[in-house]
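To convert, count from 1 in the sequence shown and add 1474; that's my numbering. All residues carry an ideal CB built from backbone N, CA and C; glycine is no exception. These numbers were taken from a predicted model, which means no experiment stands behind them.
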Amino acid sequence: MALKHIERHTESKSVSSPIDLAKEDLALAHRIIAYENMHEGTWNHLSVMSPDDDALMLVSRGSLHFSDIYAEDILIMDGEGNVHDASAKPNQAAWCLHYPIHMRREDAKCVIHLHSLNVCALLMQRGTRLDEQGSQPAATLYQHIAYYDSYDGVLRDASEGEQMADVLGECSILALRNHGFIAIGPSIAVALERAYLFERACQMQLLAESSGRELNRIPDDLIAEISKEENLYLGGYFDGMKRLFENKQL
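Given below as structure tokens:
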């Protein structure tokens, strides 16, 4: 392991303020996503609202590999897209997409945007959507997924984030056709687990459908109950991964 990583990991042990802890957890979420191979190297972005000021957003600098993002790489951005660090450039695409969703949804404390492989592969197929009754991970997201079926290309201003917030509505996952997805949650732990479950559910569906055989589906009379039960326990995945990373100094 590189000395840089050991030093940075050691520094994380001394954090105590709410904003320092939020930066540590957001940075760790990036490294977990890299560990699970749900990232695109230096692209994509995660954000969380500042615990000190609900008008400020914490987000990574951009152009950094997800496996090498630490607390000192997290920026603070305001409602105008300005960065509270004169030496840093704003992550403008992240601000355009994330900030409107944070402002629209009180429960969207964390917003995660990824181009994970299996989600993208599923959403490239014309007319295909996740079968929410196809697997246990999919069942957790039953009636939690909205679909943004137009491809708008590069994010240029907050109006596109506003449009995505409109389509997201009261759901917790926004599937972006030919693009990727957005997962939200009241905490980093919940948003991250939803992102992980969506990627895994898409992977399972692609693998199962590739067999060409008829698939079983979770019965209609059980699916809502399963979803409700599973959503009571969201967040534990992050706690377990945090322990793994601490023990292995990843």
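- With a contact defined as Cβ atoms closer than 8 Å, S1701 and Q1599 miss out at about 24 Å.
- Counting only runs of at least 4 residues, the stretch 1672-1713 fully encloses the following alpha helix (DSSP H) elements, listed from N- to C-terminal order: 1694-1705.
- If you check the CB distance, S1633 and R1651 do not come in under 8 Å.
- Shown here for E1720: not one same chain residue has a beta carbon closer than 7 Å to its own, the five before and five after excluded.
- Inclusion of L1538 and A1496 in the CB contact set at 8 Å is not warranted, their separation being larger than that value.
- Among the bridge pairs identified by DSSP, V1522 is matched with L1532 and C1584.
- Counting every other CB atom within 10 Å of its CB across the protein chains shown gives G1654 a total of 16 or more, marking it as buried.
- A1562 sits in coil when the DSSP states are folded into three classes, being neither helix nor strand.
- In the three-state reduction of the DSSP assignment, I1543 falls in the coil class.
- Runs of the beta strand (DSSP E) lying entirely within the stretch 1610-1649, each at least 3 residues long, are 1619-1622 in chain order.
- The C-alpha of Q1610 is placed about 12 Å away from the C-alpha of N1705.
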